[in-house]
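Chemist: The structure follows.
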Amino acid sequence: MDNQETDPGGMSLANSDRPCPFAEDKAVEYEDSSCKPGVYGGIEAVESTQPGTGPVDLPLEVWLLIFKYATYIPEATNVSPMDPFQRGIVSNGAMSTNTPVLSMRTKCTLVGVCRAWRSLATELLFEFIPIRSHARSVMILSTLKCGVPRKDGVPLAPGMSKYGRWTKHIEISAAARGGKSIRFFENIYQIFQHCPNVRILTMTWASSLPAGLLSAIPQFYSQTLERLYWDGLTLAHLEMPSGRRNQPSVFPPACLALFQSLSTLDVRHLPDWTGIDVKVTLPRIRDLVLSTWPSSLEVASSLTLPGLHRVILHVPEASAASNSAHQLRIGEEELRRFLSIHGPNITHLQYYSTPTYVYDSEAHMTRVASHPLNLATFIRPGICPNLQDLVFESHEHVIDVSSITEPHSSLRRIGIVGLSVNELYPDKPSLVVKHLLSFDPTHFPGLEVVRTVGFLVAAKASEEVKDVFVWWTERFEKKGIDFQDGEGVIWLYTEEEPAPDGKKPTEVGSGLKEQGVGTEPPSCTDTKKAKEIASNETIIVPPKSPPAEILSVQILSSMPTTLMSDASSVY
Numbered sequence: 001m002d003n004q005e006t007d008p009g010g011m012s013l014a015n016s017d018r019p020c021p022f023a024e025d026k027a028v029e030y031e032d033s034s035c036k037p038g039v040y041g042g043i044e045a046v047e048s049t050q051p052g053t054g055p056v057d058l059p060l061e062v063w064l065l066i067f068k069y070a071t072y073i074p075e076a077t078n079v080s081p082m083d084p085f086q087r088g089i090v091s092n093g094a095m096s097t098n099t100p101v102l103s104m105r106t107k108c109t110l111v112g113v114c115r116a117w118r119s120l121a122t123e124l125l126f127e128f129i130p131i132r133s134h135a136r137s138v139m140i141l142s143t144l145k146c147g148v149p150r151k152d153g154v155p156l157a158p159g160m161s162k163y164g165r166w167t168k169h170i171e172i173s174a175a176a177r178g179g180k181s182i183r184f185f186e187n188i189y190q191i192f193q194h195c196p197n198v199r200i201l202t203m204t205w206a207s208s209l210p211a212g213l214l215s216a217i218p219q220f221y222s223q224t225l226e227r228l229y230w231d232g233l234t235l236a237h238l239e240m241p242s243g244r245r246n247q248p249s250v251f252p253p254a255c256l257a258l259f260q261s262l263s264t265l266d267v268r269h270l271p272d273w274t275g276i277d278v279k280v281t282l283p284r285i286r287d288l289v290l291s292t293w294p295s296s297l298e299v300a301s302s303l304t305l306p307g308l309h310r311v312i313l314h315v316p317e318a319s320a321a322s323n324s325a326h327q328l329r330i331g332e333e334e335l336r337r338f339l340s341i342h343g344p345n346i347t348h349l350q351y352y353s354t355p356t357y358v359y360d361s362e363a364h365m366t367r368v369a370s371h372p373l374n375l376a377t378f379i380r381p382g383i384c385p386n387l388q389d390l391v392f393e394s395h396e397h398v399i400d401v402s403s404i405t406e407p408h409s410s411l412r413r414i415g416i417v418g419l420s421v422n423e424l425y426p427d428k429p430s431l432v433v434k435h436l437l438s439f440d441p442t443h444f445p446g447l448e449v450v451r452t453v454g455f456l457v458a459a460k461a462s463e464e465v466k467d468v469f470v471w472w473t474e475r476f477e478k479k480g481i482d483f484q485d486g487e488g489v490i491w492l493y494t495e496e497e498p499a500p501d502g503k504k505p506t507e508v509g510s511g512l513k514e515q516g517v518g519t520e521p522p523s524c525t526d527t528k529k530a531k532e533i534a535s536n537e538t539i540i541v542p543p544k545s546p547p548a549e550i551l552s553v554q555i556l557s558s559m560p561t562t563l564m565s566d567a568s569s570v571y
């Protein structure tokens with residue numbers, strides 16, 4: 001260990017000389033124990049006697065795409081929030097969704113395979129840097145300084161780290177001990193110096209920032225930053241042991257106006273600019289994330305956003321309103337003002353809140369909305385006339401169609417998040433059933449798609465799930481609407497087959513009858529006869545014996561993309 005050189009990425013250079021793991025394949029021979037760069041910049045293998053010896057001769061560019069896919073986390077590198085209408089993927093095992101811990105573990109493994117892989121995968125170690133304590137900031141800064149080119153021990157370009165140039169996202173949280181010290185702020189300043197290509201900044205502060213650091217942020221990133229999240233309220237409202245509260249960290253509008261490259265802005269926890277003359281125009285903002293807190297709505301209303309298209313609105317949890325100034329979770333007057341200013345530009349609206357759990361019995365629990373705001377607020381005439389996509393959670397209040405005096409003709413797609421199989425049974429009362437029944441062409445004549453976001457039928461083991469989904473598909477098909485699961489798939493039977501003994505389903509009015517069958521209403525578990533129990537509603541009873549084969553019709557959309565394309569387009 002005395003003469004063993006170490007790499008700032010944490011891997012021993014002595015261990016990195018070991019051959020590629022694929023070298024164990026007898027069909028491949030290497031000139032030496034290390035991977036040799038080939039004519040394509042890849043890992044070159046000597047021609048073998050057997051065809052198809054494996055992927056070891058791939059160009060390094062292809063390996064890099066594979067590594068990015070294997071370590072991909074949307075929150076770490078995506079500038080824009082994830083599109084809820086993006087096709088979900090049924091994945092298990094190694095192809096399942098990554099977590100930050102698993103992603104970092106994979107990255108550390110990749111850089112330890114061989115020299116070629118280490119030089120290729122090192123950039124993945126530094127693409128996302130989370131700083132959650134003063135001690136972590138010291139270690140990160142020390143590592144970045146190791147990447148500064150030197151000659152005779154003297155830095156050739158101080159502040160220009162070869163590792164820092166790969167950093168795309170810096171996340172800072174000052175919640176840990178030392179997060180308010182001047183040393184911590186100095187380390188953050190130097191880290192910014194070493195990372196000139198940052199595109200995403202996520203910052204949570206426990207107190208107001210020094211003027212030098214506050215002015216340095218636009219100095220470093222005014223031309224490159226594309227996504228900004230500034231949280232100056234969450235930690236400020238936590239009560240200290242002494243009984244005092246921290247001062248909110250205000251981001252001045254004059255500083256925000258310097259970020260003309262921003263395309264995504266998160267103002268959920270941005271303190272309001274009371275008493276400050278705000279004249280901020282951000283022409284490239286397309287995605288705006290905000291909450292229903294009055295301060296967040298006031299900040300958003302004071303901005304001029306000519307390119308705004310998507311709004312993601314969050315209702316904060318009741319526990320988050322810890323002081324008297326934030327007991328009001330929904331600023332109704334501020335929301336009306338915000339919609340009057342930005343409503344005509346909104347084409348995509350996502351609405352999220354935390355549900356309240358109500359026990360109907362000792363064994364059954366129901367999720368309901370924890371606030372009074374109804375979705376009809378955004379659909380009423382003149383509020384969001386150009387709204388095309390509406391996404392909300394299944395526990396929200398059912399759209400109050402009685403308050404919609406005019407049809408909303410521009411709405412094209414509706415997405416429901418967080419539903420379960422039990423909530424889809426037509427004869428079982430649930431908010432999901434009420435939501436689905438409210439999507440009527442009378443009020444939404446342009447509606448084309450209703451999608452169960454995150455609910456993948458192919459991932460469910462039970463055939464009953466497909467039967468229930470097909471029932472809803474046929475019901476929406478009569479209205480000219482596609483009912484899709486989270487993959488963008490419409491589930492249908494391959495062909496219509498008669499019920500046993502020739503008893504065909506027949507269309508009935510308000511009753512529940514089938515030729516040759518009694519009038520007893522079906523149970524929600526009898527999915528072969530699952531149907532809606534509603535008076536004065538025309539329904540069709542599904543066949544008693546469903547066909548064995550089910551056809552999944554893939555709906556191709558130009559908007560959704562795969563994770564692979566997302567991972568490659570980020571860089």
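Sequential numbering of the sequence shown, starting at 1, is according to full-length UniProt numbering. Don't be surprised by glycine CBs; every beta carbon is placed ideally from N, CA and C. Given the structure is predicted, the values throughout are model-derived calculations rather than measurements.
Under a three-way DSSP split, which group does Ile-66 fall into?
Modeler: For the purposes of this step, residue 66 is taken as the residue at position 66 of the sequence shown. Helix, per DSSP.
Chemist: Helix or strand or just coil, what does DSSP make of Glu-61?
Modeler: Translated into the one-based positions of the sequence shown, residue 61 becomes position 61. DSSP places Glu-61 in helix when its eight states are reduced to three.
Chemist: Assign Thr-264 to one of two classes, buried (16 or more other C-beta atoms within 10 Å of its C-beta) or exposed (fewer than that).
Modeler: As a first step, residue 264 is located in the sequence shown; it is residue number 264 there, counting from the start. With 16 or more Cβ atoms within 10 Å of its Cβ, Thr-264 is classed as buried.
Chemist: For Ile-200 and Val-101, which I take to be in contact (beta-carbon distance under 8 Å), what is that distance rounded to the nearest angstrom?
Modeler: Position 200 of the sequence shown, counted from the first residue, corresponds to residue 200. Position 101 of the sequence shown, counted from the first residue, corresponds to residue 101. In fact, because the Cβ distance is near 20 Å, the residues do not count as touching under 8 Å.
Chemist: Is Gly-415 near Val-391, with beta carbons less than 9 Å apart?
Modeler: Start at 1 with the first residue of the sequence shown, and residue 415 comes out as number 415. Start at 1 with the first residue of the sequence shown, and residue 391 comes out as number 391. Result yes, Cβ atoms of Gly-415 and Val-391 sit closer than 9 Å.
Chemist: If we count Cβ pairs, one from each stretch, closer than 8 Å, do we get three or more for the region 285-305 versus the region 332-343?
Modeler: Counting Cβ pairs under 8 Å, three or more are found: they touch.
Chemist: I'd like to know whether the C-beta atoms of Leu-373 and Leu-335 end up nearer to each other than 9 Å.
Modeler: One-based indexing of the sequence shown puts residue 373 at position 373. One-based indexing of the sequence shown puts residue 335 at position 335. The answer is yes: Cβ separation under 9 Å.
Chemist: Give me the Cα-Cα distance between Leu-213 and Leu-431, rounded to the nearest whole angstrom.
Modeler: As a working note, residue 213 is residue 213 in the sequence shown. As a working note, residue 431 is residue 431 in the sequence shown. The alpha-carbon atoms of Leu-213 and Leu-431 are separated by roughly 49 Å.
Chemist: Are the CB atoms of residue 584 and Thr-71 nearer to each other than 9 Å?
Modeler: Residue 584 falls outside the range modelled here, since the chain spans only 1 to 571, and no answer is possible.
Chemist: Rounded to whole angstroms, what's the CA-CA distance from Thr-204 to Thr-234? Just pull it up for me.
Modeler: Locating residue 204 in the sequence shown gives position 204, where the first residue counts as 1. Locating residue 234 in the sequence shown gives position 234, where the first residue counts as 1. So the two alpha carbons sit approximately 8 Å from each other.
Chemist: Give me, in chain order, the residues of the same chain whose beta-carbon lies closer than 6 Å to that of Glu-332; leave out the 5 immediate sequence neighbours on both sides.
Modeler: On the sequence shown, residue 332 is found 332 positions in, with the first residue counted as 1. Hits under 6 Å: none found.
Chemist: Please list, in chain order, all residues of the same chain as Ile-330 whose beta carbon is under 7 Å from its beta carbon, the five residues on each side excluded.
Modeler: Mapped onto the sequence shown, residue 330 falls at position 330. Contacts found: Thr-292, Val-315, His-371 and Leu-373.
Chemist: So, helix, strand or coil for Tyr-189, using DSSP?
Modeler: The residue you call residue 189 lines up with position 189 of the sequence shown. Note: Tyr-189 maps to helix in three-state DSSP.
Chemist: Let me confirm a value: Ser-409 is counted as buried when at least 16 other C-beta atoms fall within 10 Å, else exposed. Which label applies?
Modeler: One-based indexing of the sequence shown puts residue 409 at position 409. So Ser-409 counts as exposed.
Chemist: Would residue 572 be called buried (16 or more neighbouring beta carbons within 10 Å of its own) or exposed?
Modeler: The structure shown has nothing for residue 572, since the chain only spans 1 to 571.
Chemist: Quick one, which of His-443, Ser-394, Leu-436 and Ile-383 has its alpha-carbon nearest Val-401's?
Modeler: On the sequence shown, residue 401 is found 401 positions in, with the first residue counted as 1. Taking only the C-alpha atoms, the option nearest Val-401 is His-443.
Chemist: Which same chain residues end up closer than 8 Å to Ser-142 when comparing Cβ atoms and leaving out the 5 residues on each side of it in sequence?
Modeler: Mapped onto the sequence shown, residue 142 falls at position 142. Correct list: empty, nothing qualifies.
Chemist: Can you tell me the Cα-Cα spacing of Gly-446 and Trp-471, whole angstroms?
Modeler: Along the sequence shown, one-based indexing puts residue 446 at 446. Along the sequence shown, one-based indexing puts residue 471 at 471. Between Gly-446 and Trp-471, the C-alpha separation is close to 22 Å.
Chemist: What number of angstroms, rounded off, separates the C-alpha of Trp-230 from the C-alpha of Pro-306?
Modeler: Looking up residue 230 in the sequence shown gives position 230. Looking up residue 306 in the sequence shown gives position 306. C-alpha separation (whole angstroms): 21 Å.
Chemist: Would you grab the beta carbon distance between Glu-448 and Gly-88 for me? Rounded to a whole angstrom, and I think it's under 8 Å.
Modeler: As a position in the sequence shown, residue 448 is number 448, starting the count at 1. As a position in the sequence shown, residue 88 is number 88, starting the count at 1. Wrong, their Cβ atoms sit about 19 Å apart, outside the cutoff.
Chemist: Suppose only complete runs of 4+ residues qualify. What are the alpha helix (DSSP H) ranges in the region 415-495, listed by chain order?
Modeler: Taking only runs of at least 4 residues, the alpha helix (DSSP H) segments lying wholly in the region 415-495 are 431-438 and 463-477.
Chemist: Who does Thr-202 pair with in a DSSP beta bridge?
Modeler: Numbered from 1 along the sequence shown, position 202 holds the residue referred to as residue 202. Paired residues: Glu-171 and Tyr-229.
Chemist: Could you tell me which whole alpha helix (DSSP H) segments of length 4 or greater appear in the region 71-158?
Modeler: Those alpha helix (DSSP H) runs which fall completely within the region 71-158 and span 4+ residues are 74-77, 100-110, 115-126 and 134-146.
Chemist: Let me know if Asn-386 comes out buried or exposed under the rule of 16 or more other beta-carbons within 10 Å of its beta-carbon.
Modeler: Reading the sequence shown from its first residue, position 386 is the one you call residue 386. Classification for Asn-386: exposed.
Chemist: Within the same chain, show all residues whose beta-carbon is closer than 8 Å to that of Tyr-189, passing over the 5 residues directly before and after it, in chain order.
Modeler: Walking along the sequence shown from the start, residue 189 turns up at place 189. Cβ neighbours of Tyr-189 beyond the five flanking positions: Gly-212, Leu-213 and Ala-216.
Chemist: Smallest Cα separation from Ile-346: which of Asn-422, Arg-310 and Thr-377?
Modeler: Locating residue 346 in the sequence shown gives position 346, where the first residue counts as 1. With distances taken between Cα atoms, Ile-346 lies closest to Arg-310.
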